[in-house]
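K.L.:
One structure, as structure tokens, below. Some questions next.
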Amino acid sequence: MSETKKRIGFNAFEMNCVVHQSPGLWRHPRDRSRDYCRLGPWLDLARTLERGLFDGIFLADVLGVYDVYGGDARAALATAAQVPVNDPLLLVPAMAAVTRHLGFGVTANLSYEPPYGFARRMSTLDHLTEGRIGWNIVTGYLDSAARAAGRPQQAAHDDRYELAEDYMAVLYKLWEHSWDDDAVVADRARGVFADPDRVRAVRHEGPHFKLDAIHLCEPSPQRTPVLYQAGTSPAGRAFAGRHAECVFVSGPSAAVLRPRVAAVRAAAVAAGRKPDSLKVYALATIVTGATRQEARAKHAEYRSYADIDGALTLLSGWTGVDFSQLDRDATIAHVENDAGRTALENVTRADPSRRWTVREAAEHVALGGAGPVFVGDAVEVADQLEAFAQTTDVDGFNLAFAVRPETMIDVVDIVVPELQRRARYRTTYDEGALRHKLFGEGAKLRAPHAGATYRGPNRQT
Ligand SMILES: Cc1cc2nc3c(=O)[nH]c(=O)nc-3n(C[C@H](O)[C@H](O)[C@H](O)COP(=O)(O)O)c2cc1C
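The following block contains the structure:
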């Protein structure tokens, strides 16, 4: 192949908890997930990822417990399935202080938090990271999160995306419109810090949110954080087409992901954007070693620590289906409910040539979640990554860990150099904000992205 080869980017898929996507692996003798409450291991991880020239660390989050499996939280607590879970945002300034380039994609659920204070927290993080913050826009899939917020259950699936539209309009107005670029004059002689004529109140009267307020922060390097999104249902795709800059997709095979990636790029086109204005990352796990034998032995060893109850706890939460009620050898059938749509599709009708039993789905999910597991030495893994990226048209991978931090150290030391040798991976970071590093067009949102149209004094709010 020639130099037109598309570059592959890596994100580390992380969460401020013990078990993220690999239930049971916390028991592995080399795993350090138990240390998640301490800052030191997070700082070490950030340094490792920057050494490996990762695009970013992506921090997932949930605001409730996985209590669908068995109808209560017992299995989630016993297997540490995403509970206990600490706040992701608070890790960011510390990790930013020990890195210069690594991006931070943090998940925040907009269903349970008014936009005004959230806008300020993200602007603050964009300032403190000098323009390296991204936001994974989620609306949740757990009824437990709704009950924690005093509601009987979560809003209906498509209604959540509609609420998200209104939320985004408020945020764009605060981030892009409230303060002009030159609003801060900091004129010591005149005693004027911000020019009041260049700062304006946002007046928003939407179906869900009303607001009359000036954004509390001066413009940050990117203004709007880099926008990530992960829903691939029809409503999710339409939302991504309008708002997302990076999209996370997950599915067990290239065959399943290929049409999803095409559909999400088509949604961007429908929103007046170019198909490659989206960076799409596929969830995947890499198990590698110095030799093929070592990699396979590691994989078998990791598998022996997988916890099927923990996997079914996660799968039940993602899909809204209580898998404790089903025989483990029963084939999974598709149902529509108000949890996420895609997780159930993955193990039902996404690939007509494949039927999944409960046990098979659990065993698949138990190592790195819903994505594929690439096993092998550097050459084998790089071959698989290249082939997968080629078939699916993704821009990179969102890498889950099996053993923490071993998985990411292996990727950085073994796989990254091989991809670099193939001219498939960056060899240095570009200077500038996260958005610039990803798209090469500056720090701020650009037209025709909907958010960019809010910038400047003339926009009516
Ligand atoms: C890789 C990936 C990461 C995700 N991370 C989170 C998360 O951290 N928190 C969350 O509430 N939802 C998360 N989701 C769920 C999505 O936001 C969305 O609810 C889900 O994909 C279902 O959307 P859909 O029904 O439109 O397909 C994630 C999804 C994927 C594929």
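In this note's numbering, the protein residues as written are -9 to 451.
Note that CB positions come from ideal geometry on N, CA and C, so glycine has one too.
#1: Determine which residues share a DSSP beta bridge with residue 5 and list them.
#2: Relative to the C-alpha of residue 233, which candidate in 10, 6, 443 has its C-alpha closest?
#3: Whole angstroms are fine: how far does the CA of residue 321 sit from the CA of residue -7?
#4: Who are residue 194's beta bridge partners in DSSP?
#5: Using the Cα positions of residue 357 and residue 439, report the straight-line distance between them to the nearest angstrom.
#6: Return the chain-ordered list of same chain residues with a C-beta closer than 7 Å to the C-beta of residue 351, the five sequence neighbours on each side being excluded.
#7: Looking at the secondary structure, which residues open and close the alpha helix (DSSP H) in which residue 217 lies?
#8: Check whether the Cβ atoms of residue 75 and residue 94 lie closer than 8 Å to each other.
#9: What residues are listed by DSSP as bridge partners for residue 128?
#10: Taking 7 Å as the cut-off, is the C-beta of residue 99 nearer than that to any heavy atom in ligand 1?
#11: Taking 7 Å as the line, does the beta carbon of residue 307 fall inside it for any heavy atom of ligand 1?
#12: How is the alpha helix (DSSP H) around residue 334 delimited, first residue to last?
#13: Would the beta-carbon of residue 216 fall within 8 Å of that of residue 235?
#14: With a threshold of 16 other CB atoms inside 10 Å of the CB of residue 144, please say whether the residue is buried or exposed.
#15: Could you spell out the range, first to last residue, of the alpha helix (DSSP H) harbouring residue 427?
#16: Using 7 Å as the cut-off, classify the Cβ of residue 128 as near or not near the heavy atoms of ligand 1, replying yes or no.
#17: Name the residue from 26, 226, 46 whose alpha carbon lies nearest to the alpha carbon of residue 425.
#18: My understanding is that residue 279 touches residue 367, with C-beta atoms under 8 Å, so please give their C-beta distance in whole angstroms.
#19: Mind checking whether residue 212 and residue 116 have CB atoms under 8 Å apart?
P.N.:
Put simply:
#1: Bridge partners of residue 5 according to DSSP: 50.
#2: The residue with the shortest Cα to Cα distance from residue 233 is 443.
#3: Low local confidence applies: a pLDDT of 48 at residue -7 is under 50, so the model's placement there is unreliable, and no value is given.
#4: Answer is 201.
#5: C-alpha separation (whole angstroms): 36 Å.
#6: Counting only Cβ-Cβ distances below 7 Å, and skipping sequence neighbours, we find 305, 322, 337.
#7: Run containing residue 217: none in the alpha helix (DSSP H); it sits in the beta strand (DSSP E), 216 to 219.
#8: Against a cut-off of 8 Å, the Cβ pair of residue 94 and residue 75 comes out as no contact.
#9: Answer is 99, bridged to residue 128.
#10: Annotation for residue 99 indicates a beta carbon within 7 Å of some heavy atom of ligand 1.
#11: No, the beta carbon of residue 307 sits no closer than 7 Å to any heavy atom of ligand 1.
#12: Under the DSSP assignment, residue 334 falls in the alpha helix (DSSP H) whose first and last residues are 332 to 336.
#13: At a Cβ-Cβ threshold of 8 Å, residue 216 and residue 235 count as neighbours.
#14: By the 10 Å Cβ count, residue 144 comes out buried.
#15: Here the alpha helix (DSSP H) through residue 427 covers 424 to 429.
#16: Under cutoff, so the answer is yes.
#17: Looking at the Cα atoms, 46 is the closest of the given residues.
#18: Between residue 367 and residue 279 the Cβ distance is about 7 Å, and since that is below 8 Å, they are a contact.
#19: Cβ distance < 8 Å, so residue 212 and residue 116 count as in contact.
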